[in-house]
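Colleague:
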Amino acid sequence: MTTKLRHHLRPLASPQNLLLLLSAFLLLALAILPAATSELRRLAGGHLPPDWHFHYRPEQLHFLFDAYGKEGRELFVFVEMTADLVWAVCTALLSIGMLEWLRRRLSIALPYWLLYLPLGILGLEILENAGLVALTFSYPFESYLLSRLTALATVGKWMGYGVVVGLLAIGAALWVWRFFWGSRERGGGFAGTRGLSKRVRDRRIEESDCTTKVTL
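Dropping the structure here:
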């Protein structure tokens, strides 16, 4: 099962797929989601949606759902089930593709479970969205247990994103270092070898000239 999944995920590291996923990610992150978030903030008096927070309490969720009103709650459910879910899928696939791309370029034995970490984050995103949608539909009834479980999914999601961003930052830094400084070091080594070869040839020519003169 793991081998088959790895086989299906490898094409994500191709330049074409990475560019496609990055374009979709930027479209959602810079245009669609900010517009929806701005409208939800307006309805909630400037408060961010719950899944933008690292953690929240049940009473905070109840306050937001109350502030949204019927129109805002409908918009919130629509965003959670469409744009936010698509963004989560796109982010997971893009993260896997970038991690695999860096692993190939750096030629390092990166544990394969790290490539599956974005899939775990996607699972937490789905649980979070499902919990928030269920709580919205059940408003004004409050479920303390469901609110707590949803908040835990949110915390796990952000912690997972932190790990992935850290891995990508470290991998990118290593790749840049190898690309620029590594190539310079290799170039210097080749230049030194060429210089040494030239000196050897000159010495041999001088020895040949001396031998010729002695013979004469």
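Numbering follows my numbering, with no gaps: position 148 of the sequence shown is 131.
Glycine included, C-beta positions come from ideal geometry on N, C-alpha and C.
What you are looking at is a predicted structure, and each value in this text was computed from that prediction instead of being measured.
When the Cα atoms are used, what is the spatial distance from A66 to L11?
Modeller: Those two C-alpha atoms are separated by around 7 Å.
Colleague: DSSP three-state label for I91, please.
Modeller: Of the three classes helix, strand and coil, the one that applies to I91 here is coil, per DSSP.
Colleague: Report the start-end ranges of each alpha helix (DSSP H) in the region 115 to 173 that is 4 residues or longer and not cut off at the edges.
Modeller: Runs of the alpha helix (DSSP H) inside the region 115 to 173: 127 to 160.
Colleague: What separation, rounded to the nearest whole angstrom, lies between the Cα atoms of R86 and G154?
Modeller: If I take the Cα positions, the gap works out to 8 Å.
Colleague: Does the Cβ-Cβ distance between V146 and F37 come in under 8 Å?
Modeller: Taking 8 Å as the Cβ cut-off, V146 and F37 do not qualify as a contacting pair.
Colleague: Please state the DSSP three-state secondary structure of R56.
Modeller: Residue state, collapsed to three classes: helix.
Colleague: Counting only the same chain and skipping the five closest in sequence on each side, list residues whose C-beta sits under 8 Å from that of Y127.
Modeller: Excluding sequence neighbours, Y127 sits near P41.
Colleague: Can you check which of these residues, H45, E57, P32, is closest to F124 by C-alpha distance?
Modeller: With distances taken between Cα atoms, F124 lies closest to H45.
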